[in-house]
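Chemist:
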Amino acid sequence: MTQDIVGVWHLDAFHDVDEAGRPVGEGPLGPSPSGMLIYTPDGHVSVSMMPTAPATAPGPSYMGYAGEWQVRDGKVVHRIRISSRPDWIGIEQSRDAELDGDVLTVRATREVDARPQRRVLVWRRAGRPGGAR
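Its first residue numbered 1, the sequence shown is counted upward by one per residue in full-length UniProt numbering.
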């Protein structure tokens, strides 16, 4: 999967899920967030996400970070160097990732309000140069 995920991805969905994997609520960035994920061939990653309706979103008005990435033990690992969340700087985050054509589904569990919260992000590969979405 390593070189298969290199490129630019646009966010299709970002939501919390229950134990059965069903979406719960609108998600941390509201019902239809906007986002971009960039994986470079030399191991850099950049993620930017925001709600499209900031006044109604339940969470932050912007989420973003950048650093390095690699595939380790079948998971995509991000080493965060800069972030809109100071508590993320310098940490590694591991994600389960599934690639199906031009759709990349990323799953992770994070601590939210002192309890584990499962999250799913669905990314769609951006058009090739000259055909941006």
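We treat Cβ as the ideally placed atom computed from N, Cα and C, and that holds for glycine. Note that this is a predicted model, so its numbers are computed, not measured.
Which term fits Glu98, buried or exposed, when burial requires 16 or more other beta carbons within 10 angstroms of its beta carbon?
Modeler: Sequence index remark: in the sequence shown, residue 98 carries index 98 (1-based). Glu98 counts as exposed, since fewer than 16 other C-beta atoms from the protein chains shown sit within 10 angstroms of its C-beta.
Chemist: Helix or strand or just coil, what does DSSP make of Asp102?
Modeler: Counting from one through the sequence shown, the residue named residue 102 turns up at place 102. Here Asp102 sits in coil by DSSP.
Chemist: Determine the burial state of Pro33: buried for a count of at least 16 other Cβ atoms within 10 Å of its Cβ, exposed for fewer.
Modeler: Taking the first residue of the sequence shown as 1, we reach residue 33 at position 33. With 16 or more Cβ atoms within 10 Å of its Cβ, Pro33 is classed as buried.
Chemist: Which same chain residues, not among the five before or five after Gly43, have their C-beta less than 7 angstroms away from its C-beta?
Modeler: Locating residue 43 in the sequence shown gives position 43, where the first residue counts as 1. So the list reads Glu68, Trp69 and Gln70, once near-sequence residues are dropped.
Chemist: Using only alpha-carbon positions, find the residue among Ser94, Ser61, Thr52 and Leu104 that is nearest to Arg110.
Modeler: Here residue 110 refers to the residue found at position 110 when the sequence shown is read from its first residue. Nearest C-alpha to Arg110: Ser94.
Chemist: Counting along the chain, where does the beta strand (DSSP E) carrying Ile38 start and finish?
Modeler: By 1-based counting over the sequence shown, the position of residue 38 is 38. In the DSSP assignment, Ile38 falls within the beta strand (DSSP E) that extends over Ser34 to Tyr39.
Chemist: Using CA atoms only, rank isn't needed, just tell me which of Val24, Pro41, Arg22 and Met49 is closest to Asp12.
Modeler: Within the sequence shown, numbered from 1, the residue matching residue 12 stands at position 12. Per the Cα distances, Met49.
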